[in-house]
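The working numbering numbers the first residue of the sequence shown as 337 and each following residue consecutively. To keep things clear, I will list the structure first and then write my remarks on it.
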Amino acid sequence: MIIGAIEAGGTKFVCGIGNEDGVITERVSIPTTTPEETLAEVAAFFKDKQVDALGVGSFGPVDLDESSSTYGFITSTPKPHWNNFDLVGELKKHFDVPIGFDTDVNAAALGESLWGAAKGLDSCLYMTVGTGIGVGALVEGKLIHGLTHPEMGHIMVRRHEEDSFDGRCPFHGDCLEGLAAGPAIEDRWGKKGQELVDSPKVWELEAYYLAQAIANYVLILSPKKVIVGGGVMKQAQLYPLVREKVKEILGGYVQSEQILEKMDEYIVPPGLGDNAGLAGAIGLVK
Ligand code: ADP
Ligand code: ZN
Numbered sequence: 337m338i339i340g341a342i343e344a345g346g347t348k349f350v351c352g353i354g355n356e357d358g359v360i361t362e363r364v365s366i367p368t369t370t371p372e373e374t375l376a377e378v379a380a381f382f383k384d385k386q387v388d389a390l391g392v393g394s395f396g397p398v399d400l401d402e403s404s405s406t407y408g409f410i411t412s413t414p415k416p417h418w419n420n421f422d423l424v425g426e427l428k429k430h431f432d433v434p435i436g437f438d439t440d441v442n443a444a445a446l447g448e449s450l451w452g453a454a455k456g457l458d459s460c461l462y463m464t465v466g467t468g469i470g471v472g473a474l475v476e477g478k479l480i481h482g483l484t485h486p487e488m489g490h491i492m493v494r495r496h497e498e499d500s501f502d503g504r505c506p507f508h509g510d511c512l513e514g515l516a517a518g519p520a521i522e523d524r525w526g527k528k529g530q531e532l533v534d535s536p537k538v539w540e541l542e543a544y545y546l547a548q549a550i551a552n553y554v555l556i557l558s559p560k561k562v563i564v565g566g567g568v569m570k571q572a573q574l575y576p577l578v579r580e581k582v583k584e585i586l587g588g589y590v591q592s593e594q595i596l597e598k599m600d601e602y603i604v605p606p607g608l609g610d611n612a613g614l615a616g617a618i619g620l621v622k
């Protein structure tokens, strides 16, 4: 089976060809400009590939309710031009094949459970800390959907007493994404994260917010593995800081060996690296 995979992001659309074992043989990156321009390039890439099915993990919010008239749409995104865009419908115009569709982070959680850091587990979280913060969740073998889909990057966290940064989420101000995504780090400290490697205070504060969120996810969903990726997590010193704080916040209450003794194996980087999204899109077809 030839599976086409699309990781539709706000900065770039990564397209690839793979098989049902998650092996990716070809990939291209297409800049996200206008829907017309971007989709034309996506269609051109897949044109002669004879895919049997397409899997699409998309930035959101997206409509995942198959009975809805706007199923497959990107809905209330603040990203110019993409508001209420019929992504699946547009792809269907070009390719008469089954299309699996979910959020980018749900797809990545699925990919990691099939072939990555959560291989063999029926429960995991995939969190990305990049331009935004998004979290996908696999629970009892299923990706979580509900009214729409969870938006765990936008939860409220307790503010650090020394942090006076307003927060920059266009919807909520100082939600987690507003305080801790890459652009918030840049606004608060006046430099991009990449240039703040030698400022421990930056990463302690970052870990303070990320750990609160992860502790909340652990308390609500009890994931068997927490995978954290995205550009900001290229600062590998964040992992031990986050693990320590999560443990501290949970205070010995959650009686699991994973949390009490094996935190290094519990909160981990993506096993599939930068391929988590594409592999996940393949997983949506499976
Ligand atoms: P996206 O979220 O758009 O898919 P990324 O996951 O690469 O893209 O996230 C981009 C964000 O991550 C930017 O805000 C950038 O400043 C930040 N970032 C990228 N690399 C690093 C790094 N090495 N250290 C800290 N922050 C980084
Ligand atoms: Zn928000």
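Glycine included, every Cβ here is placed at the ideal spot set by N, Cα and C. Small disclaimer: the values here were computed from a predicted structure and weren't measured.
| Who's in the neighbourhood of the ligand ZN, going by beta-carbon under 6 Å from any heavy atom, listed in chain order? | Going along the chain, the residues that qualify are His-490, Cys-505, Phe-507, His-508, Cys-511, Glu-513 and Gly-514.
| task | Could you name the residues whose beta carbon sits closer than 5 Å to any heavy atom belonging to the ligand ADP, keeping them in chain order? | result | By the rule of a C-beta closer than 5 Å to any heavy atom of the ligand ADP, the residues picked out are Gly-345, Thr-347, Gly-466, Thr-467, Gly-518, Lys-528, Gly-529, Gln-530, Gly-566, Gly-567, Val-568, Lys-570 and Gln-571.
| Going by other Cβ atoms of all chains shown within 10 Å of its Cβ, with 16 needed for buried, is Lys-561 buried or exposed? | With 16 or more Cβ atoms within 10 Å of its Cβ, Lys-561 is classed as buried.
| Quick one: what does DSSP say Gly-447 is sitting in, helix, strand or coil? | DSSP places Gly-447 within a helical segment (H, G or I) once states are collapsed to three.
| query | The alpha helix (DSSP H) spanning Tyr-544 covers which residue range? | reply | For Tyr-544, the enclosing alpha helix (DSSP H) has its first and last residue at 536-557.
| message | Taking the alpha helix (DSSP H) that Lys-581 belongs to, which residues open and close that run? | response | From DSSP, the alpha helix (DSSP H) with Lys-581 extends over 574-586.
| task | Determine, using beta carbons only, whether Gln-548 and Lys-570 come nearer to each other than 9 Å. | result | For Gln-548 and Lys-570, no; Cβs fall outside 9 Å.
| Between the beta-carbon of Ile-339 and the beta-carbon of Glu-356, is there less than 9 Å? | Taking 9 Å as the Cβ cut-off, Ile-339 and Glu-356 qualify as a contacting pair.
| query | Secondary structure at Val-387, three-state DSSP: helix, strand or coil? | reply | Correct three-state label for Val-387: coil.
| task | Look at the alpha carbon of Leu-596 and the alpha carbon of Thr-464, and state the distance between them as a whole number of angstroms. | result | Cα-Cα distance, rounded: 24 Å.
| Cβ-Cβ distance between Thr-411 and Pro-397 below 9 Å | Cβ distance < 9 Å, so Thr-411 and Pro-397 count as in contact.
| task | To the nearest angstrom, report how far apart Thr-361 and Cys-505 are at their CA atoms. | result | If you take the alpha carbons of Thr-361 and Cys-505, they lie about 37 Å apart.
| Do Leu-620 and Val-392 come within 9 Å of each other at the CB atom, strictly closer than that value? | Contact: yes.
| said: With three or more C-beta pairs closer than 8 Å as the rule, is the region 415-430 touching the region 468-482? | reply: Not touching, per the Cβ criterion.
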